[in-house]
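What follows is a set of notes on a single structure, which appears directly below.
2 protein chains.
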Amino acid sequence: MTAGSTDTASDGTHPRPRGGRMPRRERRVQLLESALEVFVAQGYHAAAMDDIADRAGVSKPVLYQHFPGKLDLYLALLDTSCDLIIDNCREALASTTDNRDRVAATMKVFYSYVASEEGAFRLVFESDLTSEPDVRERVDRVTTECASMIADVIRTDTGLPDEASELLAVSLVGMAQVSARFWLAGGGQIAQDDAAALIAGLAWRGIRGYPMTDDH
Amino acid sequence: MTAGSTDTASDGTHPRPRGGRMPRRERRVQLLESALEVFVAQGYHAAAMDDIADRAGVSKPVLYQHFPGKLDLYLALLDTSCDLIIDNCREALASTTDNRDRVAATMKVFYSYVASEEGAFRLVFESDLTSEPDVRERVDRVTTECASMIADVIRTDTGLPDEASELLAVSLVGMAQVSARFWLAGGGQIAQDDAAALIAGLAWRGIRGYPMTDDH
DNA sequence: CTGCACGCCGATCTTGACCTCCACGATGTT
DNA sequence: AACATCGTGGAGGTCAAGATCGGCGTGCAG
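Right, here's the structure in full:
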């Protein structure tokens, strides 16, 4: 009935052609790409190793010849994503000495990260494996590290205590992260740069007034 | 074999004594409480129905006589938590007409919510079942609804376009949510009211200037 | 005292996903 | 050009966890 079937859900992404042998390194990269696509699309739990193997056009044993298990594969991708946003955040903060530009540049980093085609940010901001301590630690480290770098600037320029600087910095990171994700879900009714600039303005207006010691 | 039990990791929370028959309604409430504790402590996937039943001091069939399945149980708890924060947010916004007080009251709501002893906020802000559309819809609705109520105020008082108002409101919600969660993780080095006031100040300084064009 | 109803428990089934074993074909060498 | 080697593929094992079925004890009406 209902000839339907309509391919339950497997389609949408064509598996690669089945043939072809390729060098180890290249195969590994391809497996990582396929795994990222599947994890992003389905989440950790819903993603089956069979799906990843099919997506790459190989069979399951090949996958296990490159990665010891599902969790290792996930952690490898997660580490890459975490390092990416942290490094970009660091570079943005170091790109200028003007704090207003710092805020704008950092906000742009978060929006670019979220807008990235691969969708790797979902592993960090929307992981469904937070019960795993290894995952939790890495995900938390993104916010912690980014906030820590921002907090250094805040503490240096305002003289606020450590805890307050950290909390303010975490707030800015949360603002960036949540608003960027929501902007993306909104389907781009606002241009990326406009959205980033809007929220950067909000953040800057909020944080600029804080120097307790009279700066100017 | 191996009489088993030996509660490998179930410790930390003592299961209730095994005896006692009780009326349906009361049993149901107790099951909900036990399920909340387990889901909060372990997450959805790591939480086994056996754990919940043991926690309540009953056996698994009893659990299934009260709830059709694991997901239904989870959704019931999730709905309660979502309604709670949304209602509290609404009340905070309606509690005054001064926007500065509105920001402070709303921030306090988020911090109180996160500081609540039961930890129900983890179902909303740290769910590991976002791949389930029913869960995703409810979790997103929290941010959407709260932000929408805030956006109404922003749009009314600033004349900004809908999309910008929504994005700003989402940013404020994200700031509150993320900073409150990290404040809690920090172990209370800052008093709850101080932390909420600090971030409320940040938010208010950020939002108060709109729609004026930025200057220095 | 006896039969009944009701709610509860131990033990079990099944599904699904992670993780390996036997056959096949392509490649490099002599 | 033929053979040995190595990587690939399909089929299967294991196990954990969600979901369920026959016995048991308690309280009550007759």
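Residue numbers (this note's numbering), protein chains in the order written: chain A, 23 to 238; chain B, 23 to 238. In this text, a Cβ means the ideal position worked out from N, Cα and C, and glycines have one as well. Small disclaimer: the values here were computed from a predicted structure and weren't measured.
Residues near residue i in its chain [Cβ-Cβ closer than 7 Å; skip 5 each side]
i, result
"residue 228/B", "none"
"residue 16/B", "This structure gives no information on residue 16/B, because the portion of chain B shown stretches from 23 to 238."
"residue 187/A", "173, 176, 177"
"residue 217/B", "133, 205"
"residue 53/B", "78, 85, 88"
"residue 82/B", "71, 72, 75"
"residue 92/B", "71"
"residue 171/A", "111, 112, 115"
Own chain residues within Cβ distance below 8 Å of residue i, not counting five before or after
i, result
"residue 232/B", "176, 180, 182, 190"
"residue 106/B", "135, 142"
Rounded distance between the beta-carbons of residue j and residue i, thought under 8 Å
i, j, result
"residue 178/B", "residue 204/A", "Wrong, their Cβ atoms sit about 21 Å apart, outside the cutoff."
"residue 146/A", "residue 104/A", "6 Å"
"residue 127/A", "residue 138/A", "Residue 127/A to residue 138/A, Cβ: 17 Å. No contact."
"residue 185/B", "residue 58/B", "37 Å between Cβ atoms; not a contact."
"residue 264/A", "residue 47/A", "Nothing can be reported for residue 264/A: it is not among the residues displayed for chain A, which extend from 23 to 238."
"residue 70/A", "residue 84/A", "Incorrect: roughly 15 Å between the Cβ atoms, too far for contact."
"residue 169/A", "residue 192/A", "4 Å"
"residue 150/A", "residue 150/B", "5 Å"
"residue 225/B", "residue 125/B", "5 Å"
"residue 108/A", "residue 148/A", "About 18 Å; that fails the 8 Å criterion."
Residue i CB to nearest heavy atom of the ligand ADP below 7 Å
i, result
"residue 90/B", "Of the ligands one can find in the structure shown there are none, so the ligand ADP has no counterpart to examine."
Own chain residues within Cβ distance below 6 Å of residue i, not counting five before or after
i, result
"residue 114/A", "127, 128, 131"
"residue 60/A", "69, 73, 74, 77"
"residue 13/B", "Residue 13/B lies beyond the stretch modelled for chain B, which goes from 23 to 238, so this question has no answer here."
Three or more C-beta pairs closer than 8 Å, one from the segment 96 to 104 of chain B and one from the segment 118 to 134 of chain B: is that the case here? no
Does the pairing of the segment 195 to 203 of chain B with the segment 214 to 225 of chain B give three or more beta-carbon distances under 8 Å? yes
At 4 residues or longer, what runs of the alpha helix (DSSP H) sit wholly inside the segment 126 to 185 of chain A? 143 to 147, 155 to 180
Taking contact to mean at least 3 C-beta pairs separated by less than 8 Å, is the segment 150 to 162 of chain B in contact with the segment 66 to 83 of chain B? yes
Counting only runs that start and end within the segment 77 to 127 of chain A, where is the alpha helix (DSSP H) found for 4 or more residues in a row? Complete alpha helix (DSSP H) runs here, min 4: 82 to 88, 92 to 116.
Return the chain-ordered ranges of every beta strand (DSSP E) run that is complete within the segment 200 to 228 of chain A and spans a minimum of 3 residues. none
To test your reading of the DSSP string, which unbroken alpha helix (DSSP H) runs of 4 or more residues are found completely within the segment 37 to 67 of chain B? Annotation: the segment 37 to 67 of chain B contains the following complete segments of the alpha helix (DSSP H) (minimum length 4 residues), in chain order: 46 to 64.
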